[in-house]
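Protein chains in written order, with the working numbering: chain B, 1 to 360; chain X, 1001 to 1360.
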């Protein structure tokens, strides 16, 4: 907003002192009724409001949380961070907090942006996403004394137990393990894993979930597990081509996938090969999974947003807590995801077994 | 951030007056070098920064644009507003503006939120999305003198030419007309339109694009056009069921669709019916369209974000213009979308015609 009436404008217009206007606002009982009414009329007429920036200067709180929003990636799973942003904004609003967006071209630029946000005091806290091993933002924020929470655990573990680093993450290991168990319980044993290239913290964690479930039922060496693993970039066509080559080998009877994007590629290859009874399970429960009837592991994004705010503000709190005020020794939450069973694994298995499978 | 050192802290620590600190910051040439160095050391050591809220109080500009972010809708086309938000944030950052998110449960609540934003002076302007006929936000913002731009035209036309209402929109009519012409040029004549129920401003506009292209080539009555129209809710399974019923009638040889969601349902029905040569074209060019090889009309979201900022700030401007400063008589932009041709219409037609169709 370009220009606002000031308290001086009100005082002049109402022919009273600045102090009287202030009294009408803050201690109306000390002002005579006639004067009070006149000042209030002027306040209404001019549209005067005690200035937010001035209030902020006094309170030192901006009630604003900053989060980086990158240029859109055209993947299917990229929308998971958009869903987080929607939940975070709605849940923050319930506590009187707003969300401010910023962008950065890379990690260095993000540090520059974070510095600018710290220096301008426009925000009370930062929410980080997409953390990775050796993430430089985390020690920087801790050193700067800037309250933050990350959606994503500190994958290098250095700060894992530090009360300075509040974090929330989805338990991908458990999610994929449960998805794999779901198929094993239905009698499918040769379950492959369609994953990303090795070396991704998130992808490796999810693969461990599949490997753990498999080993609970079947005695498999690391080499055998590797044989059952197909690794592709996060891309529908790449996944589709890889699964097109995989299917004729008849090595696996089902695929648990690291993401909905690669699962969609797998489903397309399976459909074209006419293998209607070949179960496929994705990860992220994107709108696409819902649209095409794909079973998928849901990250429970809304719970993650609530947990992030609880860590920043305390349970039901409305003000950002400093690290010193965080009373938990290890302020983090690992949210267990939930398998959503749809046609791509449910009907496939039901037809296979010739019966209707109840539960999961 | 909870607490910052003040200018008084610096003055005390450096044993100089408040004015000297101010001079070091604003007119260093009037301060002796020795004093200047000492004060700068203290400034660095304490981490003092002239306070943003105080600067704002002087400048009355927050360099912030507010936009409403609703709870996520699980549709496929819902992501179009997320893509707009990504572009808007990146393009605004290039001009030194940040984006502040708020939420609202309905139109009334949004007016309350807008009032709170106006009263707090935390934002310089508002970006509206999802405008509709009789949208109460528009006259409210005009009356409140709050600069705004809408992504979405004033469908009731009342304010269409008003310089008070800056708006940018995608020209859905032209986009769908061009998509239909693309199929007509390839010799397909019986092209159906898969749309939403009548009464949606956006949906009706897109259908007019299809009807116009059809009438350029074929003499069709309104009733005949209605026969070639299938109307469904914005839902993949609904569209799929409707097209499953439509296909055996052999009334149409191709479908131009109002959205990627309903186009995806159509593609699934077409694939299941084994009609590989039946072209389907969507609208929105979502990641899903890209993933499944669906031809689709691209809204050119980034151009829309740039146009919205140009209308708010002037070409390459960095400060929100008031309505009075907007010099164009009709400050709006209608961005022509672009048909992206993929397998779902290109190969289908190439096989049909027994040749490789160049261009579009």
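Glycine included, every Cβ here is placed at the ideal spot set by N, Cα and C. Just so it is clear, the structure is predicted and the values come from calculations on it, not from any experiment.
(request) Could you spell out the range, first to last residue, of the beta strand (DSSP E) harbouring residue 1064 of chain X? (result) For residue 1064 of chain X, the enclosing beta strand (DSSP E) starts and ends at 1064 to 1068.
(message) Using C-beta distances below 8 Å, list every residue in its chain close to residue 88 of chain B, excluding the 5 sequence neighbours before and after it, in chain order.
(response) Correct list, in chain order: 65, 67, 99, 127, 305, 308 and 309.
(message) For the segment 1201 to 1211 of chain X against the segment 1167 to 1183 of chain X, do three or more pairs of beta-carbon atoms, one drawn from each stretch, fall closer than 8 Å, so that the two count as touching?
(response) Short answer: they touch.
(message) What are the residues in the segment 87 to 111 of chain B lying within 8 Å of chain X by C-beta distance?
(response) When CB distances to chain X are screened at a threshold of 8 Å, the residues of the segment 87 to 111 of chain B falling below it are 87, 89, 90, 93, 98, 99, 100, 101, 102 and 103, in chain order.
(request) Out of X:1205, X:1197 and X:1189, point me to the one whose CA is closest to residue 1216 of chain X's CA. (result) When only C-alpha atoms are compared, the closest one is X:1189.
(message) Short of 7 Å Cβ to Cβ, which residues in the segment 140 to 152 of chain B face chain X?
(response) Shown in chain order are the members of the segment 140 to 152 of chain B whose Cβ falls below 7 Å from a Cβ of chain X: 146.
(message) Is residue 268 of chain B close to chain X? Criterion is C-beta to C-beta, closer than 9 Å.
(response) Under the Cβ distance rule, residue 268 of chain B counts among the residues neighbouring chain X, one pair being separated by less than 9 Å.
(message) I'd like to check one pair, residue 141 of chain B with residue 114 of chain B: are the Cβ atoms closer than 9 Å?
(response) For residue 114 of chain B and residue 141 of chain B, yes; Cβs fall inside 9 Å.
(message) Please classify residue 249 of chain B as buried or exposed, where buried requires at least 16 other C-beta atoms within 10 Å of its C-beta.
(response) With fewer than 16 other Cβ atoms within 10 Å, it is exposed.
(request) Find the residues of chain X that neighbour residue 222 of chain B, judging by a C-beta separation of less than 7 Å, and give them in chain order. (result) Within chain X, no residue comes near residue 222 of chain B; the closest Cβ sits about 33 Å away, beyond 7 Å.
(request) Could you work out which residue in B:116, B:105 and B:62 is closest to residue 71 of chain B when comparing CA atoms only? (result) Closest option to residue 71 of chain B, Cα to Cα, is B:105.
(message) Considering only the alpha carbon of each residue, which of B:298, B:186, B:317 and B:69 lies closest to residue 93 of chain B?
(response) Checked all of B:298, B:186, B:317 and B:69; the closest Cα to residue 93 of chain B is B:317.
(request) Taking only the alpha-carbon atoms, compute the straight-line gap between residue 14 of chain B and residue 41 of chain B and give it to the nearest angstrom. (result) CA-to-CA, the gap between residue 14 of chain B and residue 41 of chain B works out to about 9 Å.
(message) What does the alpha-carbon distance come out to for the pair residue 228 of chain B and residue 264 of chain B?
(response) Computed Cα separation, rounded: 19 Å.
(request) Identify every residue that forms a DSSP beta bridge with residue 1135 of chain X. (result) Note: residue 1135 of chain X sits in no beta bridge, so no partner.
(request) Return yes when the Cβ of residue 1290 of chain X is within less than 9 Å of the Cβ of residue 1335 of chain X, no when it is not. (result) Contact annotation: residue 1335 of chain X and residue 1290 of chain X have beta-carbon atoms that are not nearer than 9 Å.
(request) Just mark residue 1187 of chain X as buried or exposed, buried being the case when its beta carbon has 16 or more other beta carbons within 10 Å. (result) Of the residues assessed, residue 1187 of chain X falls on the exposed side of the cut-off, its CB having fewer than 16 other CB atoms within 10 angstroms.
(message) Run through chain X and tell me which residues come within less than 8 Å of residue 79 of chain B, C-beta to C-beta.
(response) By Cβ distance, chain X contributes 1079, 1082 and 1287.
(message) Tell me which residue opens and which closes the alpha helix (DSSP H) that residue 1299 of chain X is part of.
(response) Residue 1299 of chain X -> no alpha helix (DSSP H), and no H or E assigned at all.
(message) By the DSSP assignment, the beta strand (DSSP E) with residue 1332 of chain X in it spans what residues?
(response) For residue 1332 of chain X, the enclosing beta strand (DSSP E) begins and ends at 1332 to 1335.
(message) Can you check whether the C-beta of residue 261 of chain B is within less than 9 Å of a C-beta belonging to chain X?
(response) Yes, residue 261 of chain B lies at the interface with chain X (some Cβ there is under 9 Å from its Cβ).
(message) Against residue 1236 of chain X, what residues of chain B qualify as contacts under a CB-to-CB distance less than 7 Å, listed in chain order?
(response) Those are 291, listed as they occur along chain B.
(message) Below 7 Å on C-beta distance, what does residue 1264 of chain X contact in chain B?
(response) In chain order: 291.
(request) Grab me the residues of residue 155 of chain B's own chain with a C-beta within less than 7 Å of its C-beta, minus the 5 sequence neighbours each way, in chain order. (result) Sequence-distant partners of residue 155 of chain B (beyond 5 residues in either direction) whose C-beta falls short of 7 Å from its own C-beta, in its chain, are 131, 132, 133 and 201.
(request) Could you spell out where the beta strand (DSSP E) holding residue 191 of chain B opens and where it closes? (result) It spans 191 to 195 - the beta strand (DSSP E) in which residue 191 of chain B sits, taken as one unbroken run.
(message) For a quick check, are the C-beta atoms of residue 1279 of chain X and residue 1231 of chain X less than 9 Å apart?
(response) Cβ atoms of residue 1279 of chain X and residue 1231 of chain X: not closer than 9 Å.
(request) Anything in chain X within Cβ reach of residue 71 of chain B, meaning under 8 Å, just list it in chain order. (result) Simply 1086, 1087 and 1090.
(message) Using beta carbons (cut-off 9 Å, strictly below), is residue 1014 of chain X in contact with chain B?
(response) When Cβ-Cβ separations below 9 Å define contact, residue 1014 of chain X makes no contact with chain B.
(request) For residue 26 of chain B, count neighbouring C-beta atoms within 10 Å of its own C-beta (all shown protein chains included) and say buried if the count is 16 or more, exposed if not. (result) Looking at its Cβ environment, which holds fewer than 16 other Cβ atoms inside 10 Å, residue 26 of chain B is exposed.
(message) Using CA atoms only, rank isn't needed, just tell me which of B:91, B:34, B:241 and B:30 is closest to residue 270 of chain B.
(response) Checked all of B:91, B:34, B:241 and B:30; the closest Cα to residue 270 of chain B is B:241.
(request) Just the C-alpha distance for residue 1171 of chain X and residue 1337 of chain X, rounded to the nearest angstrom, thanks. (result) About 6 Å.
(request) Buried or exposed for residue 110 of chain B, please, with buried defined as at least 16 other CB atoms from any protein chain shown within 10 angstroms of its CB. (result) Taking all protein chains shown into account, residue 110 of chain B has 16 or more neighbouring C-beta atoms within 10 Å of its C-beta and is therefore buried.
(message) 9 Å is my cut-off, CB to CB: does residue 64 of chain B come that close to chain X?
(response) Cβ-Cβ to chain X under 9 Å: yes for residue 64 of chain B.
(request) Establish whether the CB of residue 1271 of chain X and some CB of chain B are separated by less than 9 Å. (result) A Cβ of chain B is located within less than 9 Å of the beta carbon of residue 1271 of chain X.
(request) Return the Cβ separation of residue 146 of chain B and residue 112 of chain B in integer angstroms, given the expectation that the two are a contact with Cβ distance under 8 Å. (result) Not really, about 14 Å apart at Cβ, beyond 8 Å.
(request) Please look up how many angstroms separate the CB atoms of residue 301 of chain B and residue 148 of chain B, rounded, as I've assumed it's under 8 Å. (result) Contact flag wrong, Cβ pair sits at about 19 Å.
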